[in-house]
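Trainee:
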Amino acid sequence: MTPGVRPLIAGNWKMHGTLREAAALAEGVRAGAAASRAELLICPPFPHLVPVAGALGDGVGLGGQDCHAAARGAHTGDVAAAMLRDVGATYVILGHSERRADHGEADALVRAKAEAALAAGLVPIVCVGESEAQRLAGAAEAVVTGQLDGSLPDGFAAAGGVVAYEPVWAIGTGRTPTEAEIAAIHAAIRANLEGRFGEAGAGLRILYGGSVKPGNAKGILALPHVDGALVGGASLVAADFLAIAAGVPDAA
Ligand code: 13P
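Take a look at the structure:
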């Protein structure tokens, strides 16, 4: 944890669930949210944003999983940042490795989307992370800092932007880096943020994501410069998501 920073535990529901399942899951998260020391955030699929917001109530934040770089226009199938804000979202995940892989999103586009998010009053959660081949080649830190340089807009720190370190090979695999490896990358991200944004970079939240479970969350969340988690699979079970949130250090 970074001293003085409230941890953020975010659930990325990805492309899972029916409306009924989403509402039940949100009710489950709501039921345990008051006991959490961490800030809680749920990012459902677009069609579920409004009902999930209602089911979550005021104690749990709402976020989108992506937005378009343009404010509006003829972009069939896309969603504008202002639309997310309009339905109650305050965050948006951008540059997730699944978007980078499935839709060919490169750093410049992620940066443009983050600028659109800031313009609409959303806090961007910008994802970075190396592939397994890149890690094996010893390039993890260089890949991640390069993604930060290319993906973060200038207004990022002033808006309290969030970085999520998600090694691609750890997502949905049950595999994670060692705690020392996570700490090393988070320290490199912190140095990059401070180098770019000065003092403001010292207080930005850096989340870890990739096979976070109740069993490993406590150790990961205790690491320096790990200020929360971005949770995929385990966020689809309310009890597991809440157990992960319960793993934030006492001092947080
Ligand atoms: P898993 O927790 O399922 O590994 O997914 C992580 C992730 O991609 C969150 O954005």
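Heads up: the sequence shown runs through residues 2 to 253, numbered per my numbering. We put the beta carbon where it would ideally sit given N, CA and C, even for glycine.
For the putative contact between residue 189 and residue 145, defined by C-beta atoms under 8 Å, what is the C-beta separation to the nearest angstrom?
Mentor: Yes, residue 189 and residue 145 are in contact; Cβ-Cβ is about 7 Å, under 8 Å.
Trainee: Excluding the five sequence neighbours on either side, which residues of its own chain have a C-beta within less than 7 Å of the C-beta of residue 131, listed in chain order?
Mentor: So the list reads 140, 141, 144, 145, 168 and 169, once near-sequence residues are dropped.
Trainee: If you count every other CB in all the chains shown that lies within 10 Å of the CB of residue 36, and 16 or more means buried, which is it?
Mentor: Exposed, because fewer than 16 other Cβ atoms sit within 10 Å of the Cβ of residue 36.
Trainee: Comparing C-alpha positions only, which one of 52, 229 and 78 sits nearest to residue 250?
Mentor: The shortest Cα separation from residue 250 among 52, 229 and 78 belongs to 229.
Trainee: Can you list, in chain order, the residues of its chain whose CB lies under 7 Å from that of residue 57, leaving out five sequence neighbours each side?
Mentor: Only 27, 30, 31, 43 and 63 meet the Cβ criterion.
Trainee: Can you check DSSP and say which residues form a bridge with residue 11?
Mentor: Looking at the DSSP assignment, residue 11 forms a beta bridge with 42 and 231.
Trainee: Cβ atoms of residue 89 and residue 121: under 8 Å apart, would you say?
Mentor: Contact flag unset, no.
Trainee: When every heavy atom of the ligand 13P is checked, does at least one fall within less than 7 Å of the C-beta of residue 13?
Mentor: Yes, Cβ of residue 13 sits closer than 7 Å to a heavy atom of the ligand 13P.
Trainee: For residue 138 and residue 79, I'd like the C-alpha separation in whole angstroms.
Mentor: Answer to the nearest angstrom: the Cα atoms are 36 Å apart.
Trainee: Which residues mark the beginning and the end of the beta strand (DSSP E) in which residue 211 is found?
Mentor: It is not in any beta strand (DSSP E) - residue 211 carries neither H nor E in the DSSP assignment.
Trainee: Please list the terminal residues of the continuous beta strand (DSSP E) segment that includes residue 65.
Mentor: Where residue 65 is concerned, the enclosing beta strand (DSSP E) stretches over 62-65.
Trainee: Tell me where the alpha helix (DSSP H) around residue 145 begins and ends.
Mentor: Unbroken alpha helix (DSSP H) run through residue 145: 141-152.
Trainee: CB-CB under 8 Å to residue 217, same chain, minus the five flanking residues each way: which ones, in chain order?
Mentor: So the qualifying residues of the chain are 177.
Trainee: Would you say the beta carbon of residue 235 is closer than 7 Å to some non-hydrogen atom of the ligand 13P?
Mentor: Because some heavy atom of the ligand 13P lies under 7 Å away, the Cβ of residue 235 counts as near it: yes.
Trainee: Under a Cβ-count criterion, where at least 16 other Cβ atoms within 10 Å of its own Cβ denotes burial, should residue 4 be classed as buried or exposed?
Mentor: With fewer than 16 Cβ atoms within 10 Å of its Cβ, residue 4 is classed as exposed.
Trainee: What distance in whole Å lies between the Cβ atoms of residue 20 and residue 1, which are believed to be in contact at a cut-off of 8 Å?
Mentor: Here the chain has residues from 2 to 253 only, and residue 1 is not among them.
Trainee: Please classify residue 103: is it buried, with 16 or more other beta-carbons within 10 angstroms of its beta-carbon, or exposed?
Mentor: Answer is exposed; the Cβ neighbour count stays below 16.
Trainee: Which of the three DSSP states, helix, strand or coil, is assigned to residue 316?
Mentor: An answer regarding residue 316 cannot be provided, because it is not within the stretch 2 to 253 covered by the chain.
Trainee: I'd like to check one pair, residue 153 with residue 118: are the Cβ atoms closer than 8 Å?
Mentor: Cβ distance not < 8 Å, so residue 118 and residue 153 don't count as in contact.
Trainee: Taking the alpha-carbon of residue 148 as reference, which of 164, 211, 134 and 236 has the nearest alpha-carbon?
Mentor: Of the candidates 164, 211, 134 and 236, the one whose C-alpha sits nearest the C-alpha of residue 148 is 164.
Trainee: What do you reckon, is the C-beta of residue 42 under 7 Å from a heavy atom of the ligand 13P?
Mentor: No, Cβ of residue 42 sits at least 7 Å from all heavy atoms of the ligand 13P.
Trainee: Using CA atoms only, rank isn't needed, just tell me which of 129, 12 and 162 is closest to residue 201.
Mentor: Nearest option by C-alpha distance: 162.
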